Structure formats: C-alpha cells, structure tokens
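Peer 1: The sequence shown begins at 33 in our numbering and counts up one residue at a time. Next up is a structure, given as structure tokens.
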Amino acid sequence: MDKLIDGFHKFREGYYKNNETMLKALAAKGQAPRAIVIACSDARMEPAIIFGTAPGDIFMVRNVANLVPPYSPDGDFHGTSAALEFAILVLNVKQIIVMGHALCGGIGAMVRGTQISGDDFVSAWMKIAAPARERALAISKGDLNAAQTLAEKEGIKTSIANLMTFPWIKSRVESGDVAVHGIYFDLAIATLYHLQDSGEFAAV
Ligand SMILES: [Zn+2]
33 MDKLIDGFHK FREGYYKNNE TMLKALAAKG QAPRAIVIAC SDARMEPAII
83 FGTAPGDIFM VRNVANLVPP YSPDGDFHGT SAALEFAILV LNVKQIIVMG
133 HALCGGIGAM VRGTQISGDD FVSAWMKIAA PARERALAIS KGDLNAAQTL
183 AEKEGIKTSI ANLMTFPWIK SRVESGDVAV HGIYFDLAIA TLYHLQDSGE
233 FAAV
C-alpha cells in the first residue's frame, strides 16, 4: 500500500501537474471514450501503457481471460455485460476491442484442466471459453503449449461471437455504427496482432 500511496504522490506532482488542463476538463465535462477494451486482469497487461492512451480515451473492462459472456438478462450479477451496456447505450462508444494475450493463466488452466482449490467462480467463468478450448485441443493434437496459444486466440473469437448475441451490439455492428476488433498481445516479443476477416491474427 505504501508503494501505491508513494506512486499517487508522484502522479499528483508529475502527471497531474503536467496535464492539469486536460484532466480538469475531463472532470468537468464527463467521459466520452471512443473505445471499450475488454482485457485480462493479468497484472502484466496494461492496455493504457501498451496503446499509449490517456485518461478518458478507453472505457476499460478487465476480467479473467478477457471473456465476454453471451447475452443472458437473467437478473444475475453480470459485470462485463453491464459495462458493455453502459458503454454502448449511454456513452455511445463506437469501437469494441477484445484484447487477449500470450501466457494467459486463465486460459492455460482451462486447457490443462487444472482447478484452483475452493474454486467457486473461476471454472464457471471459464466455461465461456469452452468452445475455444475444444477447437484448440482438436487442432493442437496433444501439444498443450500450442493448445494454450490457440485457445487464447480462439477465446477472442468466442468473445466476439458472444458480443453479437447482445441485440443492441448486433444491430449497431450490422448498421456500421459500431466496429468490433480482436487484438492479441505477446509481451515477451512486444508484438500486437489484429484479427483479420480471414480469421488470422496479423502482426501490426
Ligand atoms: Zn490472461
């Protein structure tokens, strides 16, 4: 905690002072982000640093393995769906970016079938990516490291397919009002891949 408080003091004296006009305008006018990013909670993933964005640019959602669940308005507690609803219907965000990454612990555990003890939530959450797991295991033929990389990428496609089950996303994508992107980041080699219409991830 001390490190965080020290960091905050440095932020106030440095970044805040250097960007005071912009930050005060953001506080006064409210947010108008152009994109919503769904990224993994993995501590090594920092989309704002990776993309060089400023406060106000990105409406950020982070969860285990950057997954989007299917549309299921059942009165349960749906954090990611609530964030999407707010971003699309209230903030009129025009870009939805699902950002996966290499060496994802959640995807790795799912591929290998490992479970944390007392697992009440993680395994249930990871079921969203079950179709990605099946496809990855079928293609990789027993190579679990290859299966993990494949599942990380297939999971992005599964989440994009699930985005399209939200009626207010589907209609906006079909009318060209909202665009959906899949992004895959590999920290070890500092490479970003963009999902193409062909289904391939191309380095950018
Ligand atoms: Zn991850």
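By construction, the Cβ of each residue, glycine as well, lies at the ideal position given by its N, Cα and C atoms. Being a predicted model, the structure only gives us computed values, none of them experimental.
Looking only at C-alpha atoms, which of Q63, I68, P163 and N95 sits nearest to M77?
Peer 2: If we check each option's Cα against that of M77, N95 comes out closest.
Peer 1: Let's test the definition: count the other Cβ atoms within 10 Å of the Cβ of G39 and tell me whether it reaches 16, buried, or not, exposed.
Peer 2: Classification for G39: exposed.
Peer 1: Rounded to a whole number of angstroms, what is the C-alpha to C-alpha distance between V130 and I120?
Peer 2: Distance between the alpha carbons of V130 and I120: 15 Å.
Peer 1: Which of helix, strand or coil does DSSP assign to A58?
Peer 2: It should be noted that the sequence gives Leu, not Ala, for residue 58. Note: L58 maps to helix in three-state DSSP.
Peer 1: Using the beta-carbon of each residue, find all residues closer than 6 Å to any heavy atom of ligand 1 and list them in chain order.
Peer 2: Residues flagged by the Cβ proximity filter: C72, D74, A97, H133, C136, G137 and G138.
Peer 1: Report the three-state DSSP secondary structure of G84 (helix, strand or coil).
Peer 2: Note: G84 maps to coil in three-state DSSP.
Peer 1: Nearest-angstrom Cα distance between G140 and I70?
Peer 2: C-alpha separation (whole angstroms): 18 Å.
Peer 1: Which whole runs of the alpha helix (DSSP H) in the stretch 122-177 are 4 residues long or more, in chain order?
Peer 2: Complete alpha helix (DSSP H) runs here, min 4: 137-144, 154-158 and 162-172.
Peer 1: Per DSSP, N95 is paired with what?
Peer 2: Partner(s): C72.
Peer 1: How about the stretch 154-162 and the stretch 99-114: do they share at least three Cβ pairs that are nearer than 8 Å?
Peer 2: Touching, per the Cβ criterion.
Peer 1: Using DSSP with H/G/I as helix, E/B as strand and the rest coil, what is H226?
Peer 2: The answer is strand: DSSP assigns H226 an E or B state.
Peer 1: Output the distance between the C-alpha atoms of K202 and L123, rounded to the nearest integer angstrom.
Peer 2: Answer to the nearest angstrom: the Cα atoms are 17 Å apart.
Peer 1: Taking the C-alpha atoms as reference points, what is the distance between T85 and E52?
Peer 2: Between T85 and E52, the C-alpha separation is close to 16 Å.
Peer 1: Is the stretch 57-74 touching the stretch 134-148, taking contact as three or more C-beta pairs under 8 Å?
Peer 2: Touching, yes.
Peer 1: Just to confirm, are A193 and A164 a CB contact at a threshold of 7 Å?
Peer 2: No, these two residues do not count as a Cβ contact at 7 Å.
Peer 1: With the cut-off set at 7 Å, would you say A168 and A161 are in Cβ contact?
Peer 2: No. Outside cutoff.
Peer 1: Less than 7 Å separating the beta-carbons of H226 and V210?
Peer 2: Taking 7 Å as the Cβ cut-off, H226 and V210 do not qualify as a contacting pair.
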